[in-house]
Structure formats: C-alpha cells, structure tokens
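Visitor: Would you mind keeping the following structure in view while I ask a few things?
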Amino acid sequence: MGDSSAAFRKQIRNYQNDLQQMKDLVSHAHALIEKERDIGPGQCARIVRSMRVAEEPLYKFSELLDTPELLPLPARSIRHPLLITLDYTKSLLHDLLYDIASLHHAYRNCSYYEACKHREHILYQLSAFEQKREDIVQSMDRLLFKANACL
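Per the numbering used here, the sequence shown starts with residue 1, numbered consecutively.
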C-alpha cells in the first residue's frame, strides 16, 4: 500500500505542476486578447497550441479518478465533486480553444460589435477556465492530504 500511495502522490504532484504551468499560459492569452483589437490567424493558432497542453493532464487526471481502485481509500470520498469539476473544465477548454481559433474570422466576417462580443466572451471563458484550474489544483491538495492520512 505504501508504494501505491507514494506513486499516487507523485502522480498528483505531476498533474498539479502541469496545471500550475497553465496559469502563465492563460494569463498570457488573456493579456494578448485583451490588449490586441485585431488578432491574426497565426496568433490565434499559437494561443490554441499553447493552451492544448492542458488537455492531457486534465484527461489523464480524470482517468485516474475514474478508477477508484487506484486511489488510496481516504481519497476516494472526494473524487466525485472533482470529477464534475474536471468534466466542466474539459468542456470549457474545448469551447475556449474553438472560440480562440475562430476569433480572427470573427474580426474578418462579422461586424465590429459582434467581433468585440466574441472577444469579450473569450476573455470571460479564460477567466472561468483559470478559476476552475485553480479549483482543481486546490482539490489536488485535498487529495494529497487524504492520501497522506493513509500512511
């Protein structure tokens, strides 16, 4: 049990580190989209590529939580609310990536007002994603605390 608990803690810390690194990427994307009034297709593609790095740790962490037998017994009790948050966050990230990818087209094909609304919606999504990312990191701290309780 000690080896599996140590492996679990290491895995959680790795996912936590990955998600902590996302904070800078989200901040950069938010600052760029907020500052620039007309974002080119290359900029949109770079933002999307940089933010895609969040997909893997979110999906792998979900897979881990979906397999309760891999979790230390005390940590199992808090996995359900975290799974709900993860599902929402993955969906939000999917929508966010699509919306960022289409931002350049909105400026080219829509009225200025519609393009600005699209941009504001993306800024809102980025803020919501950052909040959910932080919620997940804090939940990981609780998982680690529970995992340490079984030592």
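C-beta atoms are modelled at their ideal positions from N, C-alpha and C, and glycine is treated no differently.
1) What does a CB cutoff of less than 6 Å around Leu-143 pick up in its chain, not counting 5 residues either side in sequence?
2) Near Leu-64, which residues of its chain fall below 7 Å by C-beta distance, leaving aside the five closest residues on each side in sequence?
3) Please classify Val-26 as buried or exposed, where buried requires at least 16 neighbouring CB atoms within 10 angstroms.
4) Roughly how many whole angstroms lie between the Cα atoms of Leu-92 and Arg-133?
5) How about Tyr-15 and Pro-57: are their beta carbons less than 9 Å apart?
6) In the DSSP assignment, the alpha helix (DSSP H) including Ile-122 goes from what residue to what residue?
Guide: According to the data block:
1) For the purposes of this step, residue 143 is taken as residue 143 along the sequence shown, with counting starting at 1. Closer than 6 Å at the Cβ level, and outside the excluded window around Leu-143, lie Ile-12 and Ala-75.
2) Looking up residue 64 in the sequence shown gives position 64. Leaving aside the five residues that flank Leu-64 on each side, the residues in its chain whose CB is nearer than 7 Å to its CB run, in chain order, Gln-11 and Leu-70.
3) As a first step, residue 26 is located in the sequence shown; it is residue number 26 there, counting from the start. The residue in question, Val-26, is buried, as its Cβ has 16 or more Cβ neighbours within 10 Å.
4) For this step, residue 92 is matched to residue 92 along the sequence shown. For this step, residue 133 is matched to residue 133 along the sequence shown. Distance between the alpha carbons of Leu-92 and Arg-133: 11 Å.
5) Position 15 of the sequence shown holds residue 15. Position 57 of the sequence shown holds residue 57. Their beta carbons are under 9 Å apart, which means Tyr-15 touches Pro-57 by this criterion.
6) As a position in the sequence shown, residue 122 is number 122, starting the count at 1. Taken as a continuous stretch (DSSP letters only), the alpha helix (DSSP H) holding Ile-122 covers 112 to 149.
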